[in-house]
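>
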Amino acid sequence: MWFFDGLDGVAADWDAPRLIRMMRKLQPDLIIDDRAGIPADYDTPEQEIGTFQNKRPWETCATVGQQWAYNPDEVLRPIEECLRGLVCCAIGDGNLLFNVGPRPDGLIEESHAARLREMGEFLKKYGESIYGTRGGPFVAPDEKKRPADELHFRLAEGKWWGGSTHKGDVIYLHILRWPADTVELPAIARRIVRHSVLTGGRAEVKQSAAGIQVHVPAAHRHAVDTIVKLELSGAVPRPAAAS
């Protein structure tokens, strides 16, 4: 994997077409980012979460704090924000590259390591809804209605409730906010045979030819991400492609 950076992504400064042809000749399986001024293999939104895109790979690159380099007095993102960033990358069919600034001796600052361990605890419990999944098939409306903020992952507003991941015959709904008391989903060509709330509690799920309704009582909603697991009668239908 090769990550270009700097030079403002100007292809002429990198002599990018010739350079990348040479790189691919030397190492045909190399994966190259989009920062040499030409698209190459994948997109790299920085310090912001990409929106749903499954035609082309993408990866948010962001910092656990406010800068890329080592700073012993760094102000870190709250754990809730870190987790929401991770989940939003997954539901968008992308990946999260989460930067920590190593100390001069190469070790990770303990405050950074502690934050990553907190994320790891979340993934120990609910990682099945993240690892090995693809984004979709449900994409919440208004996902691009996000407040502008250069330092923080802001959730979308309007009717946006979160999104979904899937693998095999299972859909995971990641409900990050509740613009209404019920999440309304379009109909799918599979029957829901079982449902549960990974984060605890219970859900009411109603399926009809018109669509799916999901309600979780307020007392059973997770503070960060209420994860509802839907087990289907067959493989999850392929989501519509989004650029």
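Using numbering that gives the first Met the number 0, you'd call the opening residue of the sequence shown number 0 and step up by one each time.
All C-beta atoms in this analysis are idealised placements derived from N, C-alpha and C, irrespective of residue type, glycine included.
Beta-carbon within less than 8 angstroms of N94's beta-carbon, same chain only, minus the 5 sequence neighbours each way: which residues are those?
Position 95 of the sequence shown, counted from the start, is the residue given in the question as residue 94. Taken in chain order, the residues that qualify are P56, W57, E58, T59 and C88.
> Check for me: the alpha helix (DSSP H) holding L231 runs from which residue to which?
Taking the first residue of the sequence shown as position 1, residue 231 is located at position 232. L231 -> not in any alpha helix (DSSP H); beta strand (DSSP E) instead, spanning T225 to L231.
> Under the rule that 16 or more other beta-carbon atoms within 10 Å means buried, what is E45, buried or exposed?
Reading the sequence shown from its first residue, position 46 is the one you call residue 45. Classification for E45: exposed.
> Which residue's Cα is closest to the Cα of F152: R189, R193, R23 and E47?
Residue numbering aside, residue 152 sits at position 153 when the sequence shown is read from its first letter. Comparing Cα-Cα distances from F152 to each of R189, R193, R23 and E47, the minimum goes to E47.
> Alpha carbon to alpha carbon, what distance is there between G91 and G49?
On the sequence shown, position 50 is the one that residue 49 refers to. On the sequence shown, position 92 is the one that residue 91 refers to. If you take the alpha carbons of G49 and G91, they lie about 7 angstroms apart.
> Give the range of the beta strand (DSSP E) segment to which G161 is assigned.
Taking the first residue of the sequence shown as position 1, residue 161 is located at position 162. Per DSSP, G161 belongs to the beta strand (DSSP E) from G161 to K166.
> Ends of the alpha helix (DSSP H) at K24?
Looking up residue 24 in the sequence shown gives position 25. Its alpha helix (DSSP H) spans residues A15 to L25.
> In whole angstroms, what is the alpha-carbon distance linking A209 and L184?
Residue 209 sits at position 210 when you count from the first residue of the sequence shown. Residue 184 sits at position 185 when you count from the first residue of the sequence shown. Taking the straight line from one Cα to the other gives about 9 angstroms.
> Do three or more CB pairs link the stretch 128 to 144 to the stretch 94 to 113 at distances below 8 angstroms?
With a cut-off of 8 angstroms, the stretch 94 to 113 and the stretch 128 to 144 do not count as touching, because too few Cβ pairs lie within range.
> Which residue from D32, A15 and D12 puts its Cα closest to that of M0?
For the purposes of this step, residue 0 is taken as the residue at position 1 of the sequence shown. When only C-alpha atoms are compared, the closest one is D32.
> In the structure shown, what three-state DSSP assignment does Y171 receive?
Within the sequence shown, numbered from 1, the residue matching residue 171 stands at position 172. In this structure, Y171 counts as strand in the three-state DSSP scheme.
> Please report how far the alpha carbon of F137 lies from the alpha carbon of G162, in whole angstroms.
Locating residue 137 in the sequence shown gives position 138, counting from the first residue. Locating residue 162 in the sequence shown gives position 163, counting from the first residue. Near 6 angstroms, if we compare the C-alpha coordinates of G162 and F137.
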